[in-house]
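The next block holds one structure in the form of structure tokens; read it before the comments.
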Amino acid sequence: MRYIVISLVSVFSLAACKSDQAVPIEKAQAQSEALVDRFQKQLLGTLTKTMESEGTAGAVNVCATAAPALAQQLSKESGALIRRTALRTRNPAAQADATESRIMESWVAAPLEDGRPKHWSSYEQNGEYRFMRAIPTMPMCLACHGESVAPDVSAAIRARYPQDQATGFSAGQLRGAFSIRWDRAALAQTISQSEVSKTK
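Set out below in structure tokens:
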């Protein structure tokens, strides 16, 4: 099993574009997983290239602008609202809401898989479909989020994030989460378009 299920609703009722049939939550989850995968892959690619060319301090500056821009781009393309959040944030704008905090707190207490948190949560709240997936602290993350951060990197972090709380992590610990919120109509349209494209 790839992820530990913390919260799972069996069926998420959606008014599909031209149908009154309920859409199984598995389809909503699949769209969310694909969106998170895109976000994670593109962001890691950008950060890796920047660290190689400009060093870790340079990556701090790029992350400050690239991550929000990428989240905004993917949100616009998909119709969902995608972002990263954490219990200990670096960017104050990434502060978790009450539900996100409660879910991540449950993950902290849960056992790891292969030394990493691999949890996800899928649920409906206030007429929205919401999805979260854990972000583990990978070895490359330690340069900016670990227990021992180089002075130039610390200076870059303080310059960008004077209220930073996101250091002191060890590899494998829960760093935060990807969080997605779908409006019912946007999700129904995305699922419908995805199914149409598969038939072509």
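Residue numbers (the working numbering): 4 to 203.
Each residue gets a CB set at the ideal place from its N, CA and C atoms; glycine is no exception.
Since the model is a prediction, treat every value here as computed from it, not as a measurement.
Extent of the continuous alpha helix (DSSP H) run through Phe172:
Element bounds for Phe172: n/a, residue is neither H nor E.
Going by the DSSP bridge assignment, what does Pro139 pair with across the sheet?
As computed with DSSP, Pro139 is found in a beta bridge with Leu177.
Is there a Cβ from chain B that is less than 8 angstroms from the Cβ of Leu90?
In the structure shown, chain B does not exist; there is a single protein chain.
When DSSP labels each residue in this structure, what does Ala189 get in the three-state scheme?
helix
With a CB to CB cut of under 8 angstroms and the five nearest residues on each side skipped, what residues in its chain are close to Ala31?
Phe15, Leu17, Ser125, Tyr132, Phe134, Trp185, Leu190 and Ile194
Based on the DSSP secondary-structure assignment, which residues constitute the bridge partners of Ile183?
Ile85 and Phe134
Where do the N-terminal and C-terminal ends of the alpha helix (DSSP H) with Glu108 fall, by residue?
Ala101 to Ala112
Given this structure, state the Cα-to-Cα distance separating Ala146 from Ala153, to the nearest angstrom.
7 angstroms
For Ser124, the residue or residues it bridges with in DSSP
DSSP output for Ser124 lists Met135 as bridge partner(s).
Glu57 in three-state terms, based on DSSP
helix
Counted within 10 angstroms of its Cβ, other Cβ atoms place Asn129 as buried (16 or more) or exposed
exposed
Which residue marks the beginning of the alpha helix (DSSP H) containing Leu145, and which one marks its end?
Leu145 to His148
Measuring CA to CA, which of Gln45, Glu116, Arg93 and Thr51 is closest to Arg178?
Arg93
Relative to the C-alpha of Val2, which candidate in Pro139, Gln98 and Asp100 has its C-alpha closest?
The question about residue 2 has no answer, for the chain in this structure spans 4 to 203.
Assuming Gln166 and Pro95 are in contact, meaning their beta carbons sit under 8 angstroms apart, how far apart are those beta carbons, in whole angstroms?
6 angstroms
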